[in-house]
Amino acid sequence: MAYRVRPCRSLEELGSALGAIGHYFGWVPSEEEVERFSKALPVERMHATFDGKKIVGGAGVFPFEMTVPG
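One point on numbering: in the numbering used here, the residue at position 9 of the sequence shown is 1218, and numbering is uninterrupted.
Okay, here's the thing in structure tokens:
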């Protein structure tokens, strides 16, 4: 069985990917939480795993800046 992985394209996909991850922590994100979360994690930085048309997993990368002395 092959799964497809690609960046999310909408807030709806972001919410489904967050829900797939949140399931393991007992968290079902509300629309408000997804919108708030998207400010810290841009939609295109969240990847979703698809089984057919259903999102069954996800992973994201938070952007940040780091300053190194010297």
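Here a beta-carbon is modelled for each residue, glycine too, at the ideal position from N, C-alpha and C.
For V1214, the enclosing beta strand (DSSP E) begins and ends at R1213 to P1216. Residue pairing from DSSP places H1256 in a beta bridge opposite P1216 and A1268. DSSP places K1263 within a strand segment (E or B) once states are collapsed to three.
DSSP places V1277 in the coil class of the three-state scheme, outside both helix and strand.
The DSSP-derived three-state label of S1247 is helix.
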